[in-house]
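The sequence shown lines up with residues -6 to 113 when you count with the numbering used here.
Note that CB positions come from ideal geometry on N, CA and C, so glycine has one too.
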Amino acid sequence: MKNNGPTRNGATATMTKADLVEEVTKLGDLTRRDSEVIVETIFDSVIGALRSGDKIEIRGFGSFRIRQRKPRIGRNPKTGTKVEVPAKKVPYFKPSKELRDLVNPGAKTAEASSSEGGKA
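Have a look at this one:
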């Protein structure tokens, strides 16, 4: 990532696939090409599993799965006309408790505080 932290307009920096490849390259005696193959293989594996309807669970990170959206009537924001939106599958990511705790250090989760509330 080239820019760590908020920018002048308050937006945060974005890690790209190239940045991820660079991070993998730094980890050891790997060429940039080897790192690209590793990153692409991981992404292709996740995509392949989701396409086949499998759930991917990475302990300490989170899980990926497919959610089915029902067909609905939407609205074209430009013209205001009603539009039929077909049913579709969308990828969904649910972070693990460990990842949430790493992103929010020191924050109590609702789950932890509710279980402590019952103790005397």
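- Contact between Y85 and R65 does not hold, since their C-beta atoms are separated by about 18 Å, which reaches or exceeds 8 Å.
- I51 is the residue among R62, I51, E29 whose C-alpha sits nearest the C-alpha of V39.
- For the set G67, T5, P88, V30, the Cα lying nearest the Cα of V17 is the one of V30.
- As the crow flies, the alpha-carbon of G73 is around 22 Å from that of R62.
- Note: I59 is bridge-paired with P84 in the DSSP secondary-structure output.
- Take the alpha-carbon of S56 and the one of D37: they are about 16 Å apart.
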